[in-house]
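Accompanying notes for the structure given below.
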Ligand SMILES: Cc1ncc(COP(=O)(O)O)c(C=O)c1O
C-alpha cells in the first residue's frame with residue numbers, strides 16, 4: 398500500500414491518524430467502545446443521549462421529507478432556520494444578529510469549527526485552546542498546519558490561571574478557541590475568564606471562536622455567551638448546534654453567528670466542505686429553537702439530576718468526583734482507589750465492572766497527560782435506570798479492579 402505522508406494530521410495525544418502503511422489509526426475512543434461492546438458494558442464513554450428529542454419536532458422532520466424537502470438547502474441554511482437562530486440569540490441573550498448576513502447553518506457544530514479554523518488560521522499561526530480540549534480542535538488546527546498552544550485547566554475547578562492565559566496568547570496568536578460550557582471537564586468559565594479572553598483578543602489582534610454547544614445544559618449557573626460582554630461580539634464567531642440542546646446529535650444541524658465579515662469567511666469555507674445539508678432537519682430545528690423556556694429549563698434540571706445520581710454512585714464506588722456546572726460530562730479521580738493511571742482503569746472497567754469511561758488524558762498533549770493521569774470522563778446523558786444499573790455494577794469497585 399502507498400504510504401500517505403500526513404505528518405500534520407495528529408490526534409490530541411500525538412498519534413498519527415494515518416499509520417506508516419496508510420492504515421487509519423485506532424483512537425482510545427474506538428478501543429474503549431470496542432471493549433464496551435465485547436463485554437456488554439454500559440458505555441458512559443461516549444456522549445450521546447439514549448433518549449430521543451421531542452416527538453413533535455421529529456414529526457416535523459418526517460413531514461418535511463414526505464412533502465419534498467429533499468434537495469440541496471441554500472448554502473447558508475434555510476431562511477426559517479436562520480431567522481430562528483437570530484430570534485433565539487435575541488430572546489436568550491439580547492444579541493441582535495441579522496439572519497441573512499450574520500448567521501450561517503452548518504453540518505453540526507463540527508463543520509462550523511472546521512470552517513472557522515480553516516478560514517482564519519494559516520500555516521504557522523498560533524491557535525490557543527484550554528487543555529483538556531475537545532478533540533476536533535486539535536485535528537482542525539493540525540489540518541490548518543497551525544501551531545496549537547494550550548492553557549491548562551486543573552482539577553478540581555478546571556478554571557484557567559489568568560496570568561498563564563495571558564502569557565500564552567501573543568502577537569502570533571490568530572485564534573483563541575473557547576468552549577463554554579466545557580467538554581470534557583464540565584466547567585463553566587467565570588466572567589473574569591471571558592473578560593480576559595476579550596482583552597487579550599483586542600491586545601493581540603486575534604479572533605475568538607466560542608463553541609457553545611452546551612449553552613442550555615448548565616446546572617444552577619447561567620450561560621453567558623462571550624459575545625454578550627463588552628468588546629466580545631466584534632471579534633467572536635459563536636457556534637452552537639441542535640445536537641445537545643434537543644438531543645438530536647445525529648441530525649448534525651449546527652450554526653455560527655457573528656459579525657458579517659467573519660460569518661462570510663466561515664460560509665465561504667463551508668461551501669467547499671459540505672456546501673449544505675439536511676433541509677428537512679433544518680426545518681424541524683427552526684421549530685425546536687422556538688420551544689418555550691420551560692423546555693430548556695426542564696431539560697437542564699433533569700440532566701442535572703442525572704449528573705447528581707452518577708456523581709453519588711461514583712463517590713460510593715470510591716472515586717473523587719468533580720461535579721460539573723454544565724455539559725453532560727463529569728470527571729472522576731481514580732487515585733482514591735489506589736490507581737495512578739486512568740488509561741489502565743478505563744481498559745479494565747468494561748470487563749471488571751461492565752461500565753466504560755474515557756481517560757481524560759486523551760484530550761491532552763503530552764504534558765497535560767501527566768496532569769490528568771488519574772482522571773476519567775463519564776457521560777451522564779443516559780436514562781436514570783441505565784445510570785442506576787451502572788452504579789450497581791460499580792458497587793465494590795476496588796475489589797473488582799484486579
Ligand atoms: C464541545 C463540542 N463541540 C462540538 C461538538 C460537535 O457538535 P456537532 O455534533 O453538532 O457537530 C461536540 C460534540 O460532542 C462537543 O462536545
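Numbering (my numbering), first residue to last: 398 to 799. For each residue, glycine too, the CB sits at the ideal point set by N, CA and C. Because the structure is a prediction, the values reported are computed rather than measured.
request  = Please confirm whether residue 583 and residue 724 have their CB atoms less than 7 Å apart.
outcome  = In this structure, residue 724 lies closer than 7 Å to residue 583 by Cβ.
query = Relative to ligand 1, what is the chain-ordered list of residues with a Cβ closer than 5 Å to any of its non-hydrogen atoms?
reply = Per the Cβ criterion, the list is 505, 506, 507, 531, 576, 580, 608, 610, 638, 640 and 651.
key: Under the three-state DSSP convention, the category residue 608 falls into   = The three-state secondary structure of residue 608, taken from DSSP, is strand.
task = Figure out for me which residue from 479, 441 and 666 has the closest Cα to the Cα of residue 681.
result = Taking the Cα of residue 681 as reference, the smallest distance to any Cα among 479, 441 and 666 is reached at 479.
ask   = With 16 as the cutoff for other CB atoms within 10 Å, does residue 617 come out buried or exposed?
value = Classification for residue 617: exposed.
task = Name the two residues that bound the continuous alpha helix (DSSP H) containing residue 454.
result = 452-463 is the extent of the alpha helix (DSSP H) around residue 454.
message = For the beta strand (DSSP E) containing residue 730, name the first residue and the last one.
response = DSSP places residue 730 in the uninterrupted beta strand (DSSP E) bounded by 726-730.
query = Which of the three DSSP states, helix, strand or coil, is assigned to residue 475?
reply = Residue 475 falls in the coil class under three-state DSSP.
key: Every unbroken beta strand (DSSP E) within the stretch 530-557, with a cutoff of 3 residues, ordered by chain   = Runs found: 544-549.
Inter-residue spacing [alpha-carbon to alpha-carbon] between residue 631 and residue 637 = As the crow flies, the alpha-carbon of residue 631 is around 18 Å from that of residue 637.
ask   = What are the partner residues of residue 776, as DSSP defines its beta bridges?
value = Residue 776 pairs with 726.
task = Report all residues from its chain with a CB closer than 7 Å to the CB of residue 481; omit the five preceding and five following residues, and keep chain order.
result = Only 683, 686 and 687 meet the Cβ criterion.
Inter-residue Cα distance where the pair is residue 794 and residue 434 = When rounded, the distance between both Cα atoms is 20 Å.
ask   = Are residue 773 and residue 708 close, meaning C-beta to C-beta below 7 Å?
value = It is not a contact, given that the beta carbons lie outside the stated cut-off.
message = So within the stretch 746-771, which uninterrupted alpha helix (DSSP H) runs reach at least 4 residues, ignoring any that extend past its ends?
response = Runs found: 763-768.
Distance between beta carbons of residue 501 and residue 679, contact taken as under 8 Å = Taking 8 Å as the upper bound for CB-CB distance, residue 679 and residue 501 are not in contact here, some 12 Å apart.
task = State the CB to CB distance for the pair residue 760 and residue 530, rounded to an integer number of angstroms; the pair is presumed to be in contact (CB under 8 Å).
result = About 6 Å separates the two Cβ atoms, so the contact holds.
ask   = Residue range of the alpha helix (DSSP H) that residue 708 falls in?
value = Under the DSSP assignment, residue 708 falls in the alpha helix (DSSP H) whose first and last residues are 690-713.
message = Please identify the residue among 744, 718, 484 and 594 whose C-alpha is closest to the C-alpha of residue 732.
response = Distance check between residue 732 and each of 744, 718, 484 and 594 places 718 closest, using alpha-carbon atoms only.
key: Outcome for residue 607 when other beta-carbon atoms lying within 10 angstroms are tallied against a minimum of 16   = Classification for residue 607: buried.
message = Using DSSP's beta-bridge definition, name the partner residues of residue 527.
response = In the DSSP assignment, residue 527 is bridged to 548.
ask   = In the structure shown, what three-state DSSP assignment does residue 563 receive?
value = If DSSP states are grouped into helix, strand and coil, residue 563 belongs with the helices.
ask   = With a cut-off of 8 Å, do at least 3 Cβ pairs link the stretch 660-680 to the stretch 549-566?
value = Verdict: no, contact absent.
request  = Measure the beta-carbon distance from residue 429 to residue 755 and round it to whole angstroms, keeping in mind my assumption that it falls under 8 Å.
outcome  = At roughly 6 Å, the Cβ-Cβ gap stays under 8 Å, so residue 429 and residue 755 are in contact.
query = Considering only residues of the same chain and omitting the five flanking positions on each side of residue 705, which have a CB-CB separation below 8 Å?
reply = Cβ within range, chain order: 720.
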